[in-house]
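Okay, so here's the structure we're looking at.
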Amino acid sequence: MANLDTALKDAMSIDGAIGVALVDYTSGMTLGVAGGTPEIDLTVAAAGNTDVVRAKMRTIEMLKLNDDIEDMLITLGGQYHIIRPLTGPTGKGLFLYLMLSKARSNLALARHQLRTIEEQLEL
Numbered sequence: 016m017a018n019l020d021t022a023l024k025d026a027m028s029i030d031g032a033i034g035v036a037l038v039d040y041t042s043g044m045t046l047g048v049a050g051g052t053p054e055i056d057l058t059v060a061a062a063g064n065t066d067v068v069r070a071k072m073r074t075i076e077m078l079k080l081n082d083d084i085e086d087m088l089i090t091l092g093g094q095y096h097i098i099r100p101l102t103g104p105t106g107k108g109l110f111l112y113l114m115l116s117k118a119r120s121n122l123a124l125a126r127h128q129l130r131t132i133e134e135q136l137e138l
């Protein structure tokens with residue numbers, strides 16, 4: 016099992032990683048962050064994505080789908096943003112937010128690696 020610092024470090028080792036954050040989508044608070052750029056405040060970006068997560072959770076509930084979100088992908092011109100809600104008992108209400116460079120990443124491999132990190136994360 017990995018702690019938060021180890022999980023963030025592992026996420027930053029994913030090819031093309033720009034930044035990663037662990038976020039509480041009920042409050043919008045960032046619990047941990049690694050990486051980022053001077054142009055992008057990762058804390059602000061992560062907090063803004065709480066609206067995306069909450070909206071999708073509400074939609075699933077309204078549709079009465081008996082299913083869970085594995086991850087969400089936002090594709091920009093030069094970046095991928097992956098949002099992965101935590102599924103463990105201690106991760107309820109939290110998600111991992113990973114920013115990747117499109118030019119330097121393999122999306123399928125990054126999703127696989129982020130899933131592995133999420134499964135090993137112990138809070």
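The number in the numbering used here is simply the position in the sequence shown, starting from 1, with 15 added.
The C-beta atom is built at its ideal place from N, Cα and C for all residues, glycine as well.
Compare the beta carbon distance of residue 49 and residue 26 with 8 angstroms and say whether it is the shorter of the two.
-> Cβ atoms of residue 49 and residue 26: closer than 8 angstroms.
Counting only runs of 4+ residues fully inside the segment 47-85, write out the alpha helix (DSSP H) ranges in chain order.
-> With a minimum length of 4 residues, the unbroken runs of alpha helix (DSSP H) contained wholly in the segment 47-85 fall at 57-77.
Please check the pair residue 110 and residue 68, which I expect to be a contact at CB under 8 angstroms, by giving their CB distance rounded to whole angstroms.
-> Sure, about 6 angstroms apart at Cβ, within 8 angstroms.
Do you know offhand how far residue 117's Cα is from residue 20's?
-> Whole-angstrom Cα-Cα distance: 25 angstroms.
Taking the beta strand (DSSP E) that residue 29 falls in, what are its first and last residues?
-> It is not in any beta strand (DSSP E) - residue 29 carries neither H nor E in the DSSP assignment.
What separation, rounded to the nearest whole angstrom, lies between the Cα atoms of residue 53 and residue 33?
-> Rounded to whole angstroms, residue 53 to residue 33 spans 11 angstroms at the Cα level.
Straight-line Cα distance separating residue 23 from residue 87 | In a straight line, the C-alpha of residue 87 is about 18 angstroms away from that of residue 23.
Taking the C-alpha atoms as reference points, what is the distance between residue 82 and residue 75?
-> Rounded to the nearest angstrom, the gap between the Cα atoms of residue 82 and residue 75 is 8 angstroms.
In DSSP terms, what residue 96 is bridged to | In the DSSP assignment, residue 96 forms a beta bridge with 89 and 114.
When you compare only the Cα positions, how much space is there between residue 95 and residue 46?
-> Cα to Cα, residue 95 sits roughly 21 angstroms from residue 46.
Reduced DSSP secondary structure (H/G/I, E/B, other) of residue 124 | It is helical.
For residue 66, which of 90, 132, 103 and 44 has the nearest alpha-carbon?
-> Residue 44 is the option with its Cα nearest to residue 66.
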